[in-house]
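Protein chains in written order, with the numbering used here: chain U, 1 to 483; chain W, 484 to 686. Cβ coordinates follow ideal geometry from the N, Cα and C atoms, glycine included.
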């Protein structure tokens, strides 16, 4: 019996068969890189190299090259760190939380979102390390090892050390989760390979996976538990990042709302970045049938919800500052709105609170161009949020004699550009050499999403395989292998 | 060759047909070697009579190890080996130990469980899997029955599989070399015979 939902759009459109999914997803991996991809990689490498030059110079001469001063001792570096960590959160949220909630729309986008998480966390981790000034001398100071000059240990009471543990755990567990998800798809690419080198490389990456029922049984169990472990992990990471501020005594930082507010903000910015990437990726690799408008609309709904949560948090902070009666706290918030950094504050409010409300209109949240523009606006807004929290609180501390104004230098800007270059380079390499869509998972929901699959049993010759991506000899060789 | 293993393969298009077929074939007292699918098919493990996965237990045990390790490490370092007064807190400040304890629990749980999964399923970068049919990772479900371990003849098994809805039924012999799955031999084969040749041989 066929059941076709009248309420929901199918998650995979275009009447795809299992064979089509394999073909569509493997095509970019197997084909030679196209010009758009090469252009993108060239641009990303330009950012990486030009930013890398300034970052290298900064490391050579010291962090005095940054615009930070006595009062504002955290500025762009920690802003960028918190921003990048936040971006990573949507990946885990899509793959873990939505898996636990049995949200089937996650399957087309989870792979790329998880990759985004890994790369964003790498970009984030650079900042605290570089911030140490001479990391080659002391990167190991953050590890729980007795100091070489005695048995002095790291301080387990410090939120900065909690951060080290949280970020490294988050990174390694996300990496494992991502790799586990990739194994069956690597096996598919291995079995399709027609040249020895790809077959060997994907064979090694697939770890000898052959899709036996016993392995799948354990595999599913492992995925579910990893999702169960990652869900509190994703909440804990940004909670702990917020502790870096919340356990201090600086007005504007010392607030109990920080943990939930940071988590909501992270999901908000993470989904915005997923959207930015997905809209480009689906176009670049012709994946419109897998990443549909339905997916984009769902993500826009999440952006609206989390954006509103963040908006409420801003207002709550203000209210509590007034209600607490603490004059320093009150001054900090009035200063944010009307002080020297008013432009940053109002950029944040416009980008984060007002603009996502446009998604209440169906016409906006189902419009690709509007979504793309708003996703970038949200990312800019979230960067400003971190900037406002860090810089406006530090530039006016308890001692008026140390009040200063922070301005970034070229080294601040270009170090940030470097992380963009790194992020896009990694993402482009991923999207070329790894399957962007989780084939095995999309196959497992295909039946629910599109009943056409079972209407007729199509063979490879009937399947729609655009010929422009592959040479005829290759096509023939693969068909003879698969026949 | 003497040591070749002989299998009968049933190839299915639809996982619901496969599930019914597995039940029917096992109902006839036939011993199924294994079923290979391109995506996880729910309830297949029940139909095949497998015990529930022990991965949750492994995850729990490794997680507990992480918890204990974290508590012992932090208590010993902060309370015994080098006690310091920080922010007026007591030496063994349990609430401050919560974040790291949580992180280490998750870390060890995840890594321990995934390690157990890899080891128990023989997954490693230099593993050479036996692939009965290349389409098993694409769009077909493959049921493999070992001829030596069943009372029925080849023709009877093929008839049974066709009856239960297999799209295609065929015989497949595994040579001794294939059964061993030696990585070095695999690489040499790959580069001397090429993928297409070895793939043709496989099917």
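Scanning the region 356 to 392 of chain U for uninterrupted alpha helix (DSSP H) segments of 4 residues or longer gives 362 to 365 and 368 to 387, listed from N- to C-terminal end. In this structure the region 538 to 558 of chain W touches the region 582 to 601 of chain W; the number of beta carbon pairs closer than 8 Å is three or more. In the three-state scheme derived from DSSP, where H, G and I count as helix and E and B as strand, residue 595 (chain W) is classed as helix. If you keep only unbroken beta strand (DSSP E) runs of at least 3 residues inside the region 318 to 361 of chain U, you get nothing at all. Remark: C-beta atoms of residue 165 (chain U) and residue 125 (chain U) do not approach each other more closely than 8 Å. Residue pairing by DSSP places residue 490 (chain W) opposite W:629 and W:655 in a beta bridge. Contact between residue 630 (chain W) and residue 637 (chain W) holds, with the beta-carbon distance rounding to 6 Å and staying under 8 Å.
Among the CB atoms of chain W, none fall inside 8 Å of the CB of residue 53 (chain U).
With fewer than three CB-CB distances shorter than 8 Å, the region 420 to 431 of chain U does not count as touching the region 12 to 23 of chain U. Residue 583 (chain W) sits in a helix when the DSSP states are folded into three classes. In the three-state reduction of the DSSP assignment, residue 209 (chain U) falls in the coil class. Near chain U, meaning a CB-to-CB distance below 8 Å, the residues of the region 597 to 614 of chain W are 597, 600, 601, 603, 604, 605, 606, 607, 608, 609, 610, 611, 612, 613 and 614. Within chain U, the C-beta atoms nearer than 7 Å to that of residue 560 (chain W) come from 153 and 156, in chain order.
Sequence-distant partners of residue 51 (chain U) (beyond 5 residues in either direction) whose C-beta falls short of 6 Å from its own C-beta, in its chain, are 414, 417, 418 and 421.
Our two residues, residue 600 (chain W) and residue 614 (chain W), have alpha carbons roughly 20 Å apart in a direct line.
Between residue 143 (chain U) and the set W:651, W:556, W:585 and W:627, the nearest pair of CA atoms involves W:556. In the structure shown, the three-state DSSP call for residue 295 (chain U) is helix.
Between residue 261 (chain U) and residue 334 (chain U), the gap from beta carbon to beta carbon reaches 8 Å or more. Around the C-beta of residue 332 (chain U), 16 or more other C-beta atoms lie within 10 Å, and the residue is accordingly described as buried. Excluding five sequence positions before and after residue 123 (chain U), the CB atoms of its chain that fall closer than 7 Å to its own CB belong to 84, 419, 422 and 423, given in chain order.
Within the DSSP bridge table, the entry for residue 241 (chain U) names no partner. For the options U:154, U:35 and U:47, the alpha carbon positioned closest to that of residue 569 (chain W) is the one of U:154. In the structure shown, the three-state DSSP call for residue 411 (chain U) is helix. With a threshold of 16 other beta carbon atoms within 10 Å, residue 39 (chain U) falls short and is exposed. Against chain U, the beta carbon of residue 492 (chain W) has no neighbour under 7 Å; the closest one sits roughly 13 Å away. For residue 646 (chain W), the enclosing alpha helix (DSSP H) covers residues 637 to 646. When the beta-carbon positions are compared, residue 88 (chain U) and residue 270 (chain U) come within less than 8 Å of each other. Per DSSP, reduced to three states, the secondary structure at residue 519 (chain W) is strand.
Here residue 516 (chain W) has 490, 627, 628, 629 and 632 as same chain residues with Cβ atoms under 8 Å from its own Cβ, once five neighbours each way along the sequence are excluded. The beta carbons of residue 95 (chain U) and residue 102 (chain U) sit no closer together than 8 Å. The shortest CA-to-CA distance from residue 62 (chain U) to any of U:400, U:312, U:277 and U:129 is the one to U:129.
Residue environment for residue 325 (chain U): exposed (fewer than 16 other C-beta atoms within 10 angstroms of its C-beta).
Per DSSP, the unbroken alpha helix (DSSP H) holding residue 131 (chain U) starts and ends at 110 to 131. Counting C-beta atoms within 10 angstroms of its own C-beta, residue 252 (chain U) has 16 or more neighbours from the protein chains shown and is therefore classed as buried. Residue 525 (chain W) sits in coil when the DSSP states are folded into three classes, being neither helix nor strand. When U:312, U:47, U:64 and U:256 are compared, the shortest CA-CA separation from residue 134 (chain U) is found for U:64.
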